[in-house]
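Report on the structure given below.
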Amino acid sequence: MSINSIFQFLVPKDKKFFPLFEQATTNLVILAETLHEVVNLPKAEREPLYRRIEELEAIIEEIAHKTNLELSRNFITPFDREDIHALISAIDNVADYLYGAANRMRLYQVEKITKSIRKMTEITLESCQLIHAAVGDLKDMKNLQGIADACKRINKLENKSDNVFDKAVADIFENETDAKNIIKYKEVLSSLETASDKCKGVANVLESISVKHS
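Count along the sequence shown starting at 1, add 4, and that's the number in the numbering used here.
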C-alpha cells in the first residue's frame, strides 16, 4: 500500500460520509420538488419529469451503495456504523416510494390529479427539505436542538399526511364510480403515504444519532 493510500485510509471519515449524505439529501429534495411539479402539470407535459425522477432515484440508490462500500472499507466513522447504514438506507427508502408514486401515475396513465395527491406531494417535499437541513446539522453536532426540532416537524407532517390519505381514500370510495380509477388513485396515494412514513423513519434515525451525541 502506498503512503498516499495509507493517508487516504486514515483521513477523518467525515470527509467521506458527510459529502455522501449531503449528495443524497440534495438529490432527494430535487426529486420531491420534481414530483410536486409533475402533479401540477397537464398529463401531456409530465413525461420528461417522470424520466428525471427515475434518474434521481437511481442517483440516490448509487449514493447509498457508495456509502455502504465506504463502510466496508473504513474502520473509523463519524458515528456508529449501524447508524450510518440506517440513515442512508432510510433516505434511499424515501426516494424509492416517491419514485413509486410517480411511476404509478405514469404507468396507470393518471389523467386528473386530485387535490389530495397535490397536498401529499407538498407534505413530502417539506419533509425532505427538513431532512436535508437536519442531516446538514449532523456534520459538527453543534445544533442538536435544530435536529430535534426538524424531527418533530417531520413527525407532525407524517400525521398530517395520514389524515389527508384517510380522507382522500374515503372520498374516492364515496364519489368515484370507475373501479379502475379507484385502484389508480388508491395506489398513488398509498405510495405517497408510505413515502411520508419513510420520512418519519429518517427522523427516527436522526433522533437516535443526536441522542447518542447529546
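Note that beta-carbon positions come from the ideal geometry of N, C-alpha and C, so glycine has one too.
Which residue wins for smallest C-alpha separation from residue i, given the options the options?
i: tyrosine 112; options: Leu24, Leu129, Asn185 and Leu210; result: Asn185
i: lysine 190; options: Val173, Lys47 and Thr181; result: Val173
i: leucine 129; options: Leu161, Asp141 and Asn72; result: Leu161
i: leucine 60; options: Gly104, Lys143, Glu180 and Phe79; result: Gly104
i: aspartate 201; options: Asn159, Arg56, Glu180 and Val168; result: Asn159
i: asparagine 31; options: Val168, Glu51, Ala68 and Ala90; result: Ala68
i: valine 215; options: Ala152, Ile34 and Arg77; result: Ala152
i: lysine 164; options: Ile80, Ser131 and Ile187; result: Ser131
i: tyrosine 101; options: Asn208, Ala199, Ala62 and Val209; result: Ala199
i: valine 43; options: Cys155, Gly150 and Asn107; result: Asn107
i: isoleucine 213; options: Glu115, Asp84, Leu196 and Lys204; result: Asp84
i: leucine 196; options: Met145, Asp87, Asp182 and Ile127; result: Ile127
i: glutamate 49; options: Gln133, Glu115 and Ile63; result: Glu115
i: valine 33; options: Val209, Cys203 and Glu211; result: Cys203
i: isoleucine 135; options: Glu26, Leu73, Phe21 and Asp182; result: Glu26
i: phenylalanine 229; options: Leu35, Pro82 and Glu65; result: Nothing can be reported for residue 229, as the shown portion of the chain is limited to 5 through 218.
i: glutamate 65; options: Lys19, Phe79 and Thr29; result: Thr29
i: lysine 123; options: Pro52, Leu193 and Lys146; result: Leu193
i: alanine 99; options: Asp144, Leu35, Leu75 and Lys156; result: Leu35
i: asparagine 145; options: Thr71, Lys70 and Ser218; result: Sequence inspection shows methionine at residue 145; the asparagine mentioned does not correspond to that position. Of the listed residues, the one whose Cα sits closest to methionine 145 is Ser218.
i: alanine 62; options: Leu75, Asp96, Leu148 and Asn78; result: Asp96
i: leucine 53; options: Asp87, Asn78, Lys70 and Met109; result: Met109
Please list the terminal residues of the continuous alpha helix (DSSP H) segment that includes residue i.
i: arginine 157; result: 148-179
i: histidine 89; result: 85-111
i: serine 195; result: 183-216
i: asparagine 141; result: Note that residue 141 is aspartate in the sequence shown, not asparagine. That run of the alpha helix (DSSP H) goes 119-141.
Less than 8 angstroms separating the Cβ of residue i from some heavy atom of the ligand PLP?
i: leucine 129; result: Among the components of this structure there are no ligands whatsoever, and the ligand PLP is therefore not found.
Item to check | Contained alpha helix (DSSP H) runs [length at least 4] in the segment 40-78, N- to C-terminal order | outcome: 51-77
Checklist entry - Between the segment 118-125 and the segment 139-156, do at least 3 Cβ pairs fall closer than 8 angstroms? => result no
Checklist entry - With a cut-off of 8 angstroms, do at least 3 Cβ pairs link the segment 43-59 to the segment 163-173? => result no
Next on the checklist: Any contact between the segment 83-92 and the segment 37-44? By contact I mean 3 or more CB pairs, one from each, below 8 angstroms.
Outcome noted: no
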